[in-house]
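Line by line, the protein sequences give chains H and E.
Counting from 1, position 87 in the first sequence corresponds to residue 135 in my numbering; the numbering is continuous, with no gaps.
Counting from 1, position 27 in the second sequence corresponds to residue 35 in my numbering; the numbering is continuous, with no gaps.
I have placed the structure first, in the form of structure tokens, so that the comments after it can refer back to it.
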Amino acid sequence: MNEPDELTDRALDALLRKGFPGELADDGFSARVMRALPPRRRQRPWLLPAAALAGGLLAWLAVLPAQAWQDIAREWLAGAVGPVTVATGVLLLVVSVLGCAWALEEG
Amino acid sequence: MATDDRDAQARIDRALVDRALQDDGARAFEALVRRHQGRVRAQLRRLLGDDPALADDLAQDSFVLAWRKLAQFRGESLFATWLHRIAHARFLQHLRSRAGRAGQAPGLDEDGAPAADRGGPEAGLDLDAALRRLSANQRAALLYCVQLDFTHEEAAEVLDMPLGTVKTHVARGKARLRTLLKDWAPGDSNDE
Numbered sequence: 049m050n051e052p053d054e055l056t057d058r059a060l061d062a063l064l065r066k067g068f069p070g071e072l073a074d075d076g077f078s079a080r081v082m083r084a085l086p087p088r089r090r091q092r093p094w095l096l097p098a099a100a101l102a103g104g105l106l107a108w109l110a111v112l113p114a115q116a117w118q119d120i121a122r123e124w125l126a127g128a129v130g131p132v133t134v135a136t137g138v139l140l141l142v143v144s145v146l147g148c149a150w151a152l153e154e155g
Numbered sequence: 009m010a011t012d013d014r015d016a017q018a019r020i021d022r023a024l025v026d027r028a029l030q031d032d033g034a035r036a037f038e039a040l041v042r043r044h045q046g047r048v049r050a051q052l053r054r055l056l057g058d059d060p061a062l063a064d065d066l067a068q069d070s071f072v073l074a075w076r077k078l079a080q081f082r083g084e085s086l087f088a089t090w091l092h093r094i095a096h097a098r099f100l101q102h103l104r105s106r107a108g109r110a111g112q113a114p115g116l117d118e119d120g121a122p123a124a125d126r127g128g129p130e131a132g133l134d135l136d137a138a139l140r141r142l143s144a145n146q147r148a149a150l151l152y153c154v155q156l157d158f159t160h161e162e163a164a165e166v167l168d169m170p171l172g173t174v175k176t177h178v179a180r181g182k183a184r185l186r187t188l189l190k191d192w193a194p195g196d197s198n199d200e
């Protein structure tokens, strides 16, 4: 038997392995896990292209000519919701919904 | 031989993962749980110390998370490594939340700083007591590299540490263990 102060690397490894209980018996653990599993969410293959499209539209919106932003401001100030405002609002709504869907998908 | 066995086990895991990703994949996932629960629970029990109920709760959380994230497993590492990494991350999350509730820093003590067991003379220490005197990182590195028989590369992935850091923790942990066990002879506590 090795003297402790002469513990070689191999002897120390053996001591550590001996002191480790190793794999545990199942004892119903797997069944408990299976009961706790949430239902699998359906894959949404449309999400990535839709998000890419929405992102592209958002980027386009960001570089809209100043004239379009002025039109939106004018419509708001006049208290009338025109087509430019509606289109911009719908786009922002779509981007927000897709963002939420993405967040939910990622958990 | 051992490498062949590991490769065979990895292929079985990979096939089960592929089946578990299908709509009716729950049975395949159950097979994965049965194959790995013993080591994952043992891992968490060792990391947590003497709290098997909490270890099982964290193990269950880890498997549920693995089920939810299974599509993200790309097969770049072994499934076992990926799973143990999830479990280790869950363990660290538990430490952080516990420390947050107590208003303390998490218990990831510095190298060289003693961990849970800070009192008592060093003579007569048994292995468990000696292990408790290592830093958390040293204990974890020895757990994965020696007791669970991961390669250093796999342990680095589980611990999310650079390979060199893991090797350093293993070397320093072993050196400190040798010192702590200096006055203790295997069998002392059993032989009368």
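Beta carbons are placed, not taken as given, at the ideal position from N, Cα and C, and that holds for glycine.
Note that the coordinates shown come from a computational prediction; the quantities given were computed from them, not determined experimentally.
Neighbour list for residue i in chain H, Cβ cutoff strictly below 8 Å
i: E:E161; result: Neighbours of E:E161 on chain H: none; closest Cβ ~18 Å, over 8 Å.
i: E:K182; result: D57, L60
i: E:R98; result: Within 8 Å Cβ-Cβ: nothing; E:R98 doesn't reach chain H, min ~13 Å.
Among the options, the one whose alpha carbon lies nearest that of residue i
i: E:D21; options: E:R54, E:S85, E:R109, E:S105; result: E:S85
i: E:Q155; options: E:I94, E:L135, E:A67; result: E:L135
i: H:W150; options: H:F77, H:G76, H:P131, H:W94; result: H:W94
i: H:E71; options: E:R27, E:Q45, E:V166; result: E:Q45
i: E:T173; options: E:R47, E:F87, E:D69, E:Q146; result: E:Q146
i: E:R49; options: E:A179, E:K77, E:D69; result: E:D69
i: H:A110; options: H:T136, H:L125, H:F68; result: H:T136
i: H:C148; options: H:P87, H:L96, H:T56; result: H:L96
i: H:P69; options: E:G83, E:R54, E:G181, E:A179; result: E:R54
i: E:D31; options: H:R88, H:L152, H:L125, H:A107; result: H:R88
i: E:A74; options: H:A126, H:A114, H:P86, H:W108; result: H:P86
Simplified DSSP state of residue i, which is helix, strand or coil
i: E:K190; result: coil
i: E:E38; result: helix
i: E:G57; result: coil
i: E:G120; result: At E:G120 the pLDDT is 42, less than 50, meaning the model places this residue with poor confidence and gives no usable figure here.
i: E:R126; result: Per-residue confidence for E:R126 stands at a pLDDT of 40, beneath the threshold of 50, marking its modelled position as unreliable; no derived number is given.
i: E:Q80; result: helix
i: E:Q30; result: coil
i: E:R43; result: helix
i: H:P52; result: The predicted position of H:P52 is uncertain, since its pLDDT is 48 and thus under 50; no value can be drawn from it.
i: E:E165; result: helix
i: E:S70; result: helix
i: H:D75; result: coil
i: E:V25; result: helix
i: E:G181; result: helix
i: H:A149; result: helix
i: E:D134; result: coil
i: H:P156; result: For residue 156 of chain H there is no data in the structure shown, the boundaries of chain H being 49 and 155.
i: H:P87; result: coil
i: H:P69; result: coil
i: H:V111; result: coil
i: H:P97; result: helix
i: H:S144; result: helix
i: H:T136; result: helix
i: E:A88; result: helix
i: E:A110; result: helix
Contacting residues, own chain, Cβ-Cβ under 7 Å from residue i (five flanking each side not counted)
i: E:E161; result: L171
i: E:A28; result: A36, F37, L40, L78
i: H:V129; result: E123
i: E:E165; result: S85, T89, R93
i: E:F71; result: V41
i: H:I120; result: V132, T133, T136
i: E:A163; result: A149, Y152, C153, V174
i: E:V178; result: A149, L150, C153
Other residues of its chain near residue i: CB distance less than 8 Å, five sequence neighbours each side excluded
i: E:L66; result: L52, L56, A95, R98, F99, H102
i: E:E118; result: Confidence in E:E118 is poor, its pLDDT being 49 and thus under 50, which makes the residue's placement unreliable; the coordinate value appears in the next sentence. Closer than 8 Å at the Cβ level, and outside the excluded window around E:E118, lie S143.
i: E:R202; result: Residue 202 of chain E lies beyond the residue range present for chain E, which begins at 9 and ends at 200; the question has no answer from this structure.
i: H:A98; result: L146
i: H:D75; result: none
i: E:V25; result: A36, L40, L78, F81, G83, F87
Amino acids of chain H, ordered along the chain, whose beta-carbon sits closer than 9 Å to that of residue i
i: E:G57; result: Here the premise fails: no neighbours, minimum Cβ distance about 13 Å.
i: E:Q68; result: F77, R80, V81, A84
i: E:A34; result: M82, L85, R88
i: E:R54; result: F68, P69
i: E:L222; result: Limits of chain E in this structure are 9 at one end and 200 at the other, which puts residue 222 of chain E out of reach.
Contact set between residue i and chain E, taken where Cβ atoms lie within less than 7 Å
i: H:R65; result: V154, Q155
Within chain H, the residues that residue i reaches when beta carbons sit closer than 7 Å
i: E:E38; result: S78, M82
i: E:R42; result: D74, S78
i: E:R27; result: Ordered by position in chain H, no residue passes the 7 Å Cβ test against E:R27, which lies about 13 Å from the chain.
i: E:E185; result: Glu is not the amino acid found at residue 185 of chain E; the sequence shown has Leu there. Correct list: L60.
Contacts of residue i in chain E (Cβ-Cβ under 8 Å)
i: H:E71; result: G46, R47, A50
i: H:P86; result: V72, W75, R76
Under 9 Å from the C-beta of residue i: neighbouring residues of chain E
i: H:D119; result: Per Cβ cutoff of 9 Å: no residues; H:D119 is ~44 Å from chain E at best.
Near the ligand PLP: residue i beta-carbon under 6 Å from a heavy atom
i: E:L56; result: You won't find the ligand PLP in this model; it holds no ligand whatsoever.
Chain-order list of residues whose beta-carbon lies under 6 Å from that of residue i (same chain, five-residue window excluded)
i: E:W90; result: F81
i: E:F158; result: Y152
i: H:P52; result: In this prediction, H:P52 scores a pLDDT of 48, lower than 50, which makes its location untrustworthy; the coordinate-derived value is nonetheless stated afterwards. None.
i: H:S78; result: none
So does the region 62-72 of chain H actually touch the region 143-155 of chain E, counting three or more Cβ pairs closer than 8 Å?
yes
Can you confirm whether the region 46-64 of chain E touches the region 11-20 of chain E when touching is taken to mean that 3 or more C-beta pairs between the two stretches lie within less than 8 Å?
no
Per the contact definition of three or more C-beta pairs closer than 8 Å, is the region 28-48 of chain E in contact with the region 77-88 of chain H?
yes
Mind the definition here: the region 141-151 of chain H touches the region 88-102 of chain H only if three or more C-beta pairs lie below 8 Å; say whether that holds.
yes
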